[in-house]
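See structure below.
In our numbering, the protein residues as written are 11 to 376.
Have a look at this one:
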């Protein structure tokens, strides 16, 4: 069976280094906000090209902290509207709600799956104060157009870069450095994955950075002194050590993903399969490789019988989830069509050419 993602194989490459950093961590006696977190924050800020990085407990908390910090700054107020892509993982929406803001769903571009900038324009009102751009599946949203709209209408722009570590635009600027602030997840399956939950915020805004540093640690900068009402959303010291080991390999891992994606696009020729948009640049790092097929359950079953594992990202759109009762009446036909037809094929930095051959052959014989 070709696994959708063999996490053991992905991480086995680093086992010796993991053992070394674990022993150093254990021997240090410093297990919360120590030198590993500081080092990762510096390393990841440098990688993304931003002035600041704040390690957080996970990607959802990273997003919530950004919105809470903007409220603390007075740049957002409770009840303000945030434009969000309708086609995304529910965490994007939950972050807006948990911060006391109102999400406004915007349909995606049918080709890229990302938020449609033409639709953004239609939803801007006097209540709109921010846009949350999600780089879905690893592909950058159209940040040039989004930032242009935001500048015209005086809106904040936040990136949900949870799936796009290392993606960069034509000018070489990376995800995380294309907005006022960005949130990353280092969930184990991500392109840069920890061995548990972890996340980060990147920004060039010094004041925002200082607020989030306090917010993630109970509202404290100096121990036992609490300047604002905060949370416990700190990046774990051990996970930071793991991420420091893996970060230098991110670009080469992404390149391998892109090479697999190019093979899929060039060699999958089954007319029943709609392939994703990709223009062969660095703006897509293929966290997942998503195709569309009308009878997806039949397709998934066929691949399984041939020894190829798949996943669905995602089976139910956020506005159809019971958790978002107030959204159930929304009609979002493009989003709903995408969720009815998408299937994710195996892709990872440890897939062999033989495994890629097998996936291509199997998809073409469906």
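Don't be surprised by glycine CBs; every beta carbon is placed ideally from N, CA and C.
Query: Start-end ranges of the beta strand (DSSP E) lying completely within the region 47-130, minimum 3 residues; Result: 62-66, 91-95 and 112-116
Query: Buried versus exposed call for residue 182 [16 or more other C-beta atoms within 10 Å across all chains shown]; Result: exposed
Query: Beta-carbon gap between residue 180 and residue 261 smaller than 8 Å; Result: no
Query: Residue range of the unbroken beta strand (DSSP E) whose run includes residue 354; Result: 352-355
Query: Through-space distance from residue 129 to residue 334, alpha-carbon basis; Result: 22 Å
Query: Residue from 119, 351, 162 and 150 with nearest C-alpha to residue 140; Result: 162
Query: DSSP-derived helix/strand/coil call for residue 269; Result: helix
Query: Option in 134, 155 and 108 with minimal Cα separation from residue 124; Result: 155
Query: DSSP-derived helix/strand/coil call for residue 295; Result: coil
Query: Rounded Cβ spacing between residue 118 and residue 345 (contact assumed at less than 8 Å); Result: 6 Å
Query: Three-state secondary structure assigned by DSSP to residue 162; Result: helix
Query: Contacting residues, own chain, Cβ-Cβ under 7 Å from residue 270 (five flanking each side not counted); Result: 357, 361 and 366
Query: Alpha-carbon spacing of residue 47 relative to residue 71, whole angstroms; Result: 16 Å
Query: Span separating the alpha-carbon of residue 100 from that of residue 317; Result: 30 Å
Query: Meets three-Cβ-pair contact criterion under 8 Å: the region 299-317 and the region 185-203; Result: no
Query: Integer-rounded CB distance, given that residue 79 should sit under 8 Å from residue 221; Result: 4 Å
Query: Residue 22 classed as buried or exposed, judged by whether at least 16 other C-beta atoms fall within 10 angstroms; Result: exposed
Query: Counted within 10 angstroms of its Cβ, other Cβ atoms place residue 11 as buried (16 or more) or exposed; Result: exposed
Query: Closest residue to residue 106 among 343, 169 and 272 (Cα-Cα distance); Result: 169
Query: Residue 171 versus 193, 152 and 178, residue with shortest Cα-Cα distance; Result: 193
Query: Reduced DSSP secondary structure (H/G/I, E/B, other) of residue 149; Result: strand
Query: Buried or exposed (CB count within 10 angstroms, at least 16 for buried), residue 287; Result: exposed
Query: Residue 263 vs residue 201 beta-carbon contact at 8 Å; Result: yes
Query: Own chain, CB closer than 7 Å to residue 77, minus 5 neighbours either side, in chain order; Result: 86, 105, 106, 109 and 111
Query: Cα-Cα separation between residue 90 and residue 137, rounded to whole angstroms; Result: 6 Å
Query: Euclidean distance between Cα positions of residue 14 and residue 324; Result: 15 Å
Query: Status (buried if at least 16 other CB within 10 Å, exposed otherwise) for residue 233; Result: exposed
Query: Beta-carbon gap between residue 1 and residue 67 smaller than 8 Å; Result: For the chain, the structure presents residues 11 to 376; residue 1 sits outside this window and is missing.
Query: Collapsed DSSP secondary structure at residue 32 in the structure displayed; Result: helix
Query: Below-8 Å beta-carbon distance, residue 53 vs any chain C residue; Result: Reference to chain C is not applicable here, since this structure consists of a single protein chain.
Query: Selection from 340, 185 and 116 that minimises the alpha carbon distance to residue 93; Result: 116
Query: Per DSSP, the bridge partner or partners of residue 170; Result: 144 and 193
Query: Beta strand (DSSP E) segments (min. 3 residues) lying fully within the region 325-370; Result: 352-355
Query: Residues of its chain near residue 283, where Cβ-Cβ distance is below 7 Å and the 5 sequence neighbours each way are ignored; Result: 301, 303 and 373
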